[in-house]
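By my numbering, the letter at position 117 of the sequence shown is numbered 377, and the numbering carries on one by one without gaps.
These notes concern the structure reproduced below.
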Amino acid sequence: MSTGFDRDRGEFTRGARAIVVYPDHGDSSRDAEARLEETAGLAAAIGVVVADKVALRVRNPKPATLIGSGQVEALAATVRMEEAGLVVFDASLTPVQQRNLETALEAKVIDRTGLILEIFGERAATAEGRLQVELAHLDYQAGRLVRSWTHLERQRGGFGFLGGPGETQIEADRRLIRDRMARLRRELDQVKRTRSLHRERRQRAPWPVIALVGYTNAGKSTLFNRLTGADVMAENLLFATLDPTLRQISLPGIDKAILSDTVGFVSELPTQLVAAFKATLEEVVSADLLIHVRDIAHPDSEAQRADVEAVLTEIGVEEATPRIEAWNKLDALDDQARAEVIEEAGRRSDVVAVSALTGEGIDRLVSTVADKLTAGHRRYRVTLDPADGAGAAWLHQHGEVLDQSVEGDRAVYEVRMAPSDHERFITRFSRA
């Protein structure tokens with residue numbers, strides 16, 4: 261049986277056989293089996309066949325190999341038995357640990373950071389995404405004396421960290437890496453300026469921005485498609501969505517709002533990626549409202565919530581930013597658990613139980629979002645010339661017209677809107 265690994269050329273093919281290892285230090289709130297399943301899902305996201313999953317209790321991490329010598333020997337036997345060419349450690353490995361483990365196991369070894377970087381390298385579909393991934397990978401590579409797993413850049417035909425077939429691997433010389441990183445940062449700064457201009461235009465409109473955030477595979481893209489009628493990639497696949505997507509939606513009392521679908525978060529998200537993707541996540545930082553989509557059927561749902569909140573804090577999202585939790589995947593629960601989740605959500609004003617797949621609870625989510633966004637709106641009585649179509653359209657676009665009538669030669673509108681919008685109306689339509 262082929263392992264999917266060519267030892268002479270140091271390359272993998274899709275279908276490579278791998279062993280997933282979770283070093284359990286006993287200090288995590290997560291279920292070890294759920295953590296193994298998550299890492300196996302990450303590996304499957306780039307076409308790796310997981311031959312076996314192993315949880316190892318690590319009481320005293322070893323500087324040379326992380327795990328104990330007896331565990332190394334047992335793991336080597338498993339690698340030989342399963343004919344695996346790759347071992348994925350769900351942990352952060354030092355370059356020395358990675359090299360020593362590769363020697364002892366006679367297989368390629370990558371850690372959690374390297375695996376996530378590979379996935380992001382494959383998922384990035386836009387020029388900005390590619391720049392961000394390459395910058396993150398170079399930052400990771402700069403501190404390492406061993407090569408990371410670069411085989412897929414040959415297969416992706418340009419989706420890898422430095423491009424497609426025939427191109428050299430990432431420069432070993434650290435000075436060249438630093439030069440390349442400097443160029444990437446300049447290019448990303450230009451992207452950031454362009455994004456800022458787009459945001460300024462929206463703020464002048466201004467349309468509220470709603471950002472979907474959540475753990476990877478929580479169902480954000482499915483919910484995004486449900487709310488917008490879009491066709492964003494939504495699969496039962498970790499990191500199915502990488503590049504941000506913006507769509508216009510209408511809400512009760514709000515003629516237009518911008519909904520943003522963002523990359524899913526994950527526990528122990530590599531710091532290189534958090535830094536590199538800050539430009540992308542600026543839509544989250546500046547959002548008027550966050551919808552935190554949670555996979556309420558997942559055994560580690562609460563731990564995932566904490567991970568997402570930690571990343572939000574790290575990227576600069578203020579605690580004061582209004583939030584709604586969408587407890588998703590009701591369809592994945594049994595009847596009793598589903599009833600309990602719906603009952604608990606019903607007791608809270610900031611939680612809505614939904615199924616993005618079936619549409620259950622979506623109407624309540626939409627109305628809750630609208631209520632949050634219009635919480636500071638007031639009722640105003642304004643008048644216009646009956647022939648002033650632009651003014652009437654402006655009122656409908658920026659507020660909720662409750663009633664309208666004609667008094668003499670004036671059109672009278674009862675409208676609910678934000679105080680700032682009322683001031684703008686007065687300034688723009690001076691006869692109001």
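Glycine is no exception: its CB is placed at the ideal position from the N, C-alpha and C atoms.
Below 8 Å CB to CB, which residues in the same chain sit around leucine 316 once its five sequence neighbours on both sides are set aside? In the sequence shown, residue 316 corresponds to position 56, counting from 1. Closer than 8 Å at Cβ, skipping near neighbours: Val281, Tyr282, Pro283, Asp284, Ile327, Gln331 and Leu335.
Can you tell which of Thr643, His637, Arg598 and Leu590 has its C-alpha closest to the C-alpha of glycine 619? For the purposes of this step, residue 619 is taken as residue 359 along the sequence shown, with counting starting at 1. When each option's Cα is compared against that of glycine 619, the closest is Leu590.
Taking its Cβ as the centre, do 16 or more other Cβ atoms sit within 10 Å of serine 520, making it buried, or is it exposed? Indexing the sequence shown from 1 puts residue 520 at position 260. That one is buried.
Which residue wins for smallest C-alpha separation from arginine 438, given the options Trp467, Gln401, Thr338 and Pro468? Taking the sequence shown and counting its residues from 1, one reaches residue 438 at position 178. Considering only alpha carbons, the answer is Gln401.
Between Asp548, His558, Ala597 and Ala605, which has its C-alpha nearest glutamate 578's C-alpha? Taking the sequence shown and counting its residues from 1, one reaches residue 578 at position 318. Of the candidates Asp548, His558, Ala597 and Ala605, the one whose C-alpha sits nearest the C-alpha of glutamate 578 is Asp548.
Look at the alpha carbon of histidine 637 and the alpha carbon of arginine 688, and state the distance between them as a whole number of angstroms. Working through the sequence shown from its first residue, we reach residue 637 at position 377. Working through the sequence shown from its first residue, we reach residue 688 at position 428. The alpha-carbon atoms of histidine 637 and arginine 688 are separated by roughly 19 Å.
Would you tell me roughly how many angstroms separate the C-alpha atoms of tryptophan 467 and lysine 516, rounded to the nearest one? The sequence position of residue 467 within the sequence shown is 207, counting from 1. The sequence position of residue 516 within the sequence shown is 256, counting from 1. Rounded to whole angstroms, tryptophan 467 to lysine 516 spans 6 Å at the Cα level.
In terms of DSSP beta bridges, what is valine 339 paired with? The residue given as residue 339 occupies position 79 in the sequence shown. Note: valine 339 sits in no beta bridge, so no partner.
Indicate whether the contact test is met: 3 or more Cβ pairs, each with one atom in the region 378-385 and one in the region 347-357, closer than 8 Å. no
Which word fits serine 527, buried or exposed, when buried means at least 16 other C-beta atoms lie within 10 angstroms of its C-beta? The residue you call residue 527 lines up with position 267 of the sequence shown. The residue in question, serine 527, is buried, as its Cβ has 16 or more Cβ neighbours within 10 Å.
Please list the terminal residues of the continuous alpha helix (DSSP H) segment that includes tryptophan 654. Counting from 1 along the sequence shown, the entry for residue 654 is found at position 394. Here the alpha helix (DSSP H) through tryptophan 654 covers 649-658.
Taking only runs that begin and end inside the region 276-320, name each unbroken alpha helix (DSSP H) of 4 or more residues, in chain order. 292-304
Which residues bound the alpha helix (DSSP H) around leucine 506? Numbered from its first residue, the sequence shown carries residue 506 at position 246. Note, leucine 506: premise wrong, no alpha helix (DSSP H); beta strand (DSSP E) at 505-511.
Would you report the Cα separation of asparagine 360 and threonine 325, rounded to the nearest angstrom? Walking along the sequence shown from the start, residue 360 turns up at place 100. Walking along the sequence shown from the start, residue 325 turns up at place 65. Approximately 6 Å between the Cα atoms of the pair.
Would you report the Cα separation of isoleucine 370 and valine 356, rounded to the nearest angstrom? Mapped onto the sequence shown, residue 370 falls at position 110. Mapped onto the sequence shown, residue 356 falls at position 96. The alpha-carbon atoms of isoleucine 370 and valine 356 are separated by roughly 12 Å.
How would you label asparagine 477, buried or exposed, when you count the other beta carbons within 10 angstroms and need 16 or more for buried? The sequence position of residue 477 within the sequence shown is 217, counting from 1. Its Cβ being crowded by 16 or more others within 10 Å, asparagine 477 is buried.
Rounded Cβ spacing between leucine 511 and valine 626 (contact assumed at less than 8 Å): Start at 1 with the first residue of the sequence shown, and residue 511 comes out as number 251. Start at 1 with the first residue of the sequence shown, and residue 626 comes out as number 366. Confirmed, about 6 Å.
Beta-bridge partners of leucine 474, as assigned by DSSP: Reading the sequence shown from its first residue, position 214 is the one you call residue 474. Leucine is not the amino acid found at residue 474; the sequence shown has glycine there. BP columns for glycine 474 point to Val553.
If we ignore side chains and look at the alpha-carbon of each, how far apart do valine 675 and histidine 682 end up? Residue mapping note: residue 675 aligns to position 415 of the sequence shown, counting from 1. Residue mapping note: residue 682 aligns to position 422 of the sequence shown, counting from 1. Each residue's Cα considered, the two are about 10 Å apart.
Can you give the Cα-Cα distance for leucine 377 and isoleucine 509, rounded to whole angstroms? As a position in the sequence shown, residue 377 is number 117, starting the count at 1. As a position in the sequence shown, residue 509 is number 249, starting the count at 1. Taking the straight line from one Cα to the other gives about 33 Å.
Compute the Euclidean distance between the alpha carbons of valine 568 and serine 561, then round it to the nearest angstrom. Counting from one through the sequence shown, the residue named residue 568 turns up at place 308. Counting from one through the sequence shown, the residue named residue 561 turns up at place 301. Straight-line Cα distance between these residues: approximately 11 Å.
Answer with buried or exposed for asparagine 320, where buried requires no fewer than 16 other C-beta atoms within 10 angstroms of its C-beta. As a position in the sequence shown, residue 320 is number 60, starting the count at 1. When all chains shown are included, asparagine 320 counts as exposed.
Could you have a look at valine 523 and say whether DSSP puts it in helix, strand or coil? Within the sequence shown, residue 523 is the residue found at index 263, counting from 1. Reduced to three states, the DSSP call for valine 523 is coil.
From what residue to what residue does the alpha helix (DSSP H) around valine 626 run? Residue numbering aside, residue 626 sits at position 366 when the sequence shown is read from its first letter. Segment 622-633, the alpha helix (DSSP H) holding valine 626.
For threonine 643, the three-state DSSP class (helix, strand or coil): By one-based count along the sequence shown, residue 643 stands at place 383. Correct three-state label for threonine 643: strand.
Rounded to whole angstroms, what is the Cα-Cα separation between glycine 345 and alanine 630? Sequence index remark: in the sequence shown, residue 345 carries index 85 (1-based). Sequence index remark: in the sequence shown, residue 630 carries index 370 (1-based). Taking the straight line joining both Cα atoms gives about 52 Å.
Check whether the region 641-654 and the region 596-610 are in contact - that is, three or more C-beta pairs closer than 8 Å. no
Beta-ladder partner(s) of glutamine 664, from DSSP: Residue 664 sits at position 404 when you count from the first residue of the sequence shown. DSSP, once it has assigned bridges, lists Tyr673 as partnering glutamine 664.
Taking isoleucine 602 as the reference, which of Ala616, Gly621, Ile584 and Val308 has the closest Cα? Residue mapping note: residue 602 aligns to position 342 of the sequence shown, counting from 1. The candidate whose alpha carbon is nearest that of isoleucine 602 is Gly621.
Buried versus exposed, by CB contacts within 10 Å (16 or more), aspartate 595: Your numbering for residue 595 matches position 335 in the sequence shown. It is exposed - the Cβ of aspartate 595 has fewer than 16 other Cβ atoms within 10 Å.
In this structure, does DSSP put glutamate 617 in helix, strand or coil? As a working note, residue 617 is residue 357 in the sequence shown. Sequence check: residue 617 is leucine here, not glutamate. Correct three-state label for leucine 617: coil.
Integer-rounded CB distance, given that leucine 472 should sit under 8 Å from threonine 522: Residue numbering aside, residue 522 sits at position 262 when the sequence shown is read from its first letter. Residue numbering aside, residue 472 sits at position 212 when the sequence shown is read from its first letter. Going by Cβ atoms, the distance from threonine 522 to leucine 472 rounds to 6 Å, so yes, they are a contact pair.
Our contact map puts isoleucine 279 next to threonine 338 with C-beta atoms below 8 Å; I'd like the distance itself, whole angstroms only. Mapped onto the sequence shown, residue 279 falls at position 19. Mapped onto the sequence shown, residue 338 falls at position 78. Going by Cβ atoms, the distance from isoleucine 279 to threonine 338 rounds to 6 Å, so yes, they are a contact pair.
Buried or exposed, going by whether 16 or more other CB atoms sit within 10 Å of the CB of proline 679? The residue labelled residue 679 in the question sits at position 419 within the sequence shown. Exposed, because fewer than 16 other Cβ atoms sit within 10 Å of the Cβ of proline 679.
To the nearest angstrom, report how far apart valine 661 and alanine 650 are at their CA atoms. In the sequence shown, residue 661 corresponds to position 401, counting from 1. In the sequence shown, residue 650 corresponds to position 390, counting from 1. Cα to Cα, the separation comes out at about 15 Å.
Distance between aspartate 623 and threonine 428 (C-alpha atoms, nearest Å): As a position in the sequence shown, residue 428 is number 168, starting the count at 1. As a position in the sequence shown, residue 623 is number 363, starting the count at 1. Residue placement at threonine 428 is poorly supported in this model, since its pLDDT is 47, which falls under 50; the coordinates still yield a value, given next. Each residue's Cα considered, the two are about 52 Å apart.
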